[in-house]
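Trainee: Taking this note's numbering, the leading residue of the sequence shown gets 181, the next gets one more, and so forth. Below: one structure in C-alpha cells.
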Amino acid sequence: MSPRLLLLPLLALAGCVQDSGPIEPYAFVGTWDCGVETFTFTNSTYNNGSDTFPMQSVTRNGRDYILRFADGYSIALAAVTETGMTWVSGASGDQFNCRRVN
C-alpha cells in the first residue's frame with residue numbers, strides 16, 4: 181500500500197478536529213474573592229481585577245487546574261469546589277485562598 185494512501189484517513193480525521201482553546205464548563209468559572217483582589221474566570225478568560233487575559237489552554241487533574249496564557253505565564257487553581265479554591269502563580273509562587281462570590 182502506498183504511504184500516500186495511509187495518510188488519507190489521518191488527514192480526514194485532522195479536518196474534524198478544532199483547536200478552539202478552552203471551552204469546557206470548568207468548575208472555576210465565576211467570581212472569586214482572593215483577599216488581594218477579586219478574580220473573575222470565564223471558560224476562556226481570566227481577569228485579575230484590572231486586566232483580562234485569554235487562556236491558551238487548560239489542563240485538569242481532578243479538582244486542580246493549570247491555566248496557560250501568552251508568553252508562558254501560568255496559574256494553578258487547586259482544590260476547586262463550589263465555594264473555594266487556592267490560586268497559585270506559576271511565576272511568583274504567590275498563593276491565595278479564594279472564596280466564590282458569584
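Each residue gets a CB set at the ideal place from its N, CA and C atoms; glycine is no exception.
Considering only their Cβ atoms, is the gap separating F208 from Y245 smaller than 8 Å?
Mentor: Yes, the Cβ-Cβ distance between Y245 and F208 is below 8 Å.
Trainee: Determine the burial state of D199: buried for a count of at least 16 other Cβ atoms within 10 Å of its Cβ, exposed for fewer.
Mentor: For D199, the pLDDT reaches just 42, beneath the cut-off of 50, and the residue's location in the model is therefore unreliable, although a value from the coordinates is still provided. D199 is exposed by the Cβ-count criterion.
Trainee: What does a CB cutoff of less than 6 Å around C256 pick up in its chain, not counting 5 residues either side in sequence?
Mentor: Here the sequence assigns Ala to residue 256, which means Cys is not the residue at that position. Contacts found: I246 and V268.
Trainee: Would you decide whether E262 is buried or exposed? Buried here means 16 or more other CB atoms lie within 10 Å of its CB.
Mentor: Exposed, because fewer than 16 other Cβ atoms sit within 10 Å of the Cβ of E262.
Trainee: Take V281 and list the residues in its own chain whose beta-carbon comes closer than 6 Å to its own, dropping the five residues that flank it on each side.
Mentor: Excluding positions up to five away in sequence, the list reads T211 and D213.
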